[in-house]
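Visitor: Below you'll find the structure I mean.
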Amino acid sequence: MSLEHIKKLNANVWAFGSNEMAELGIGHYNEALMPERTRGLPKVKVAWISSGGKHTGIVTADGKLWMCGSRKFE
């Protein structure tokens, strides 16, 4: 499984790769061959991104944690 995230300076997070468990947070379960912007994440400064086989965690600069994956868009 390949999973990549790109943090942009304008507060958007882009992701691409395998996405069968919705681990990219892009609003669907299809593989993303080109980078797509994550959905639901407010335009805030992102401090850290960590991704695993079935999930992704995004920590904002103000300490909030956003999770996606395991076939849920939460």
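Every number in my numbering is 539 more than the matching position in the sequence shown, counting from 1. Backbone N, C-alpha and C define an ideal beta-carbon position, used for all residues, glycine too. Nothing here was measured: the structure is a model prediction, and the numbers come from that model.
Along the beta strand (DSSP E) that carries R576, what are the first and last residues, could you check?
Guide: Per DSSP, R576 belongs to the beta strand (DSSP E) from A571 to R576.
Visitor: Tell me which residue opens and which closes the beta strand (DSSP E) that W592 is part of.
Guide: The question names Trp, yet the displayed sequence has Gly at residue 592. Segment: none, G592 is in no beta strand (DSSP E) and carries neither H nor E.
Visitor: Can you tell me the Cα-Cα spacing of G602 and Y568, whole angstroms?
Guide: For G602 and Y568, the distance between alpha carbons rounds to 27 Å.
Visitor: Pull up the CB-CB distance for R576 and W553, whole angstroms please, since I reckon it's below 8 Å.
Guide: Between W553 and R576 the Cβ distance is about 6 Å, and since that is below 8 Å, they are a contact.
Visitor: Below 8 Å on the Cβ atoms is my contact criterion, and I expect G608 with E562 to pass it. Report the Cβ-Cβ distance as a whole number of Å.
Guide: Correct: roughly 4 Å between the Cβ atoms.
Visitor: Taking 8 Å as the threshold (C-beta atoms), are S590 and E570 in contact?
Guide: Their beta carbons are not under 8 Å apart, which means E570 does not touch S590 by this criterion.
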